[in-house]
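Asker: Before we start, here is the structure in question, set down as structure tokens.
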Amino acid sequence: MRFLDASAHCNGWSHHHAGEKLLFAFGMIAILYVADPLAAAPLVALVMACAAWLGAGVPLPTYLKTVAIPAGFLIVSLPILLISVSWTPAFQITLAWETLTASGQVLARALGAMSCLAFLILTTPAPRILVFFGARGLPKPVLEMVFLIYRFSFILFDQLVNGFRSQQARGGYDNLRTGLSSSGLLASTLLGRALAQGRRMEAGLACRGFEGSFETVSRGGTLSYRRLGFIGAGLILVLAASLWMEQGMPWT
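The following block contains the structure:
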């Protein structure tokens with residue numbers, strides 16, 4: 521998680537207005553619902569990867585590492601969508617090949633949307649997204665809760681990494697048996713340690729005069745009409761190309 525936060529603050533587009541990148545990312549997601557995702561998803565994924573890598577300067581290995589794990593989970597889930605269970609006249613499990621196209625569309629749409637969200641989290645610091653929505657009327661208690669969850673996720677991740685490294689140094693993952701035992705022990709103690717760290721954070725905030733509100737200084741930049749024009753043109757081009765490719769698909 522640390523590399524996500526570092527990339528969001530250190531890329532070439534981190535100073536751009538958060539609204540521009542939100543428009544770009546969610547505009548691409550909207551295209552996945554307007555056009556056939558089997559046609560649109562490859563284009564959307566390619567455009568978002570190029571925007572993050574060539575535009576914002578996010579290292580390509582960082583981008584690929586961000587999308588690899590969730591993409592793996594999505595691909596593994598595809599066979600589940602193809603399985604059909606029948607109870608009459610007897611219990612049967614079969615592959616429903618007639619749902620292959622629909623399953624592929626679901627998978628393609630999910631992968632395309634994931635590439636959009638990966639672009640967003642790698643190029644836009646989370647506090648600037650919260651400030652953007654706060655300036656547009658999102659209730660302050662909701663913002664505070666999201667910010668605390670965001671901070672607590674880093675605490676939880678740090679506890680996980682420290683515990684794993686400690687167990688690894690003691691040979692806790694030398695074989696399958698010790699690995700399973702160490703994983704169970706780590707999972708059982710992780711929440712308690714994270715809650716203890718959270719209480720220390722709460723005490724530290726109280727000592728600093730925290731009164732229930734986080735004041736965040738926003739340096740999100742100003743909206744650029746030139747960049748908005750490029751974003752609009754890019755969305756139109758991707759949509760037009762997706763609709764054109766859709767015409768050549770046999771199931772449309």
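First residue of the sequence shown? That's 521 in the numbering used here, and the numbers climb one at a time after it.
Built from N, CA and C at the ideal position, the CB exists for glycine as well.
From G575, L615, F611, C727, pick the residue whose C-alpha is nearest to that of I600; which is it?
Answerer: L615
Asker: Determine the direct distance from the alpha carbon of L602 to that of T619, and round the result to whole angstroms.
Answerer: 6 Å
Asker: For L563, I'd like the list of residues in its chain whose CB is within less than 7 Å of its CB, leaving aside the five on either flank, ordered along the chain.
Answerer: V758, A761, S762
Asker: Check whether the stretch 534 to 554 and the stretch 697 to 708 are in contact - that is, three or more C-beta pairs closer than 8 Å.
Answerer: no
Asker: Using DSSP with H/G/I as helix, E/B as strand and the rest coil, what is S673?
Answerer: Residue state, collapsed to three classes: helix.
Asker: To the nearest angstrom, report how far apart T643 and M721 are at their CA atoms.
Answerer: 27 Å
Asker: Say whether the stretch 652 to 669 touches the stretch 590 to 599, bearing in mind that this needs 3 or more beta-carbon pairs closer than 8 Å, one atom from each stretch.
Answerer: No, the stretch 652 to 669 does not touch the stretch 590 to 599.
Asker: Could you have a look at T608 and say whether DSSP puts it in helix, strand or coil?
Answerer: coil
Asker: Where I649 and C636 are concerned, what is the direct C-alpha to C-alpha distance, given to the nearest angstrom?
Answerer: 15 Å
Asker: Roughly how many angstroms lie between the CA atoms of D556 and C727, to the nearest whole one?
Answerer: 55 Å
Asker: Tell me whether T644 sits in a helix, a strand or coil according to DSSP, three-state version.
Answerer: coil
Asker: Using 8 Å as the threshold, is the C-beta distance between H536 and R713 below it?
Answerer: no
Asker: Does the Cβ of W817 have 16 or more other Cβ atoms within 10 Å, making it buried, or fewer, making it exposed?
Answerer: Residue 817 falls outside the range modelled here, since the chain spans only 521 to 772, and no answer is possible.
Asker: Measure the C-alpha to C-alpha separation of L552 and G592 and round it to an integer number of angstroms.
Answerer: 20 Å
Asker: Can you name the residues that DSSP bridges to I613?
Answerer: Per DSSP, V605.
Asker: Could you tell me how far apart the beta carbons of V587 and A638 are, in whole angstroms, since I believe they sit closer than 8 Å?
Answerer: 5 Å
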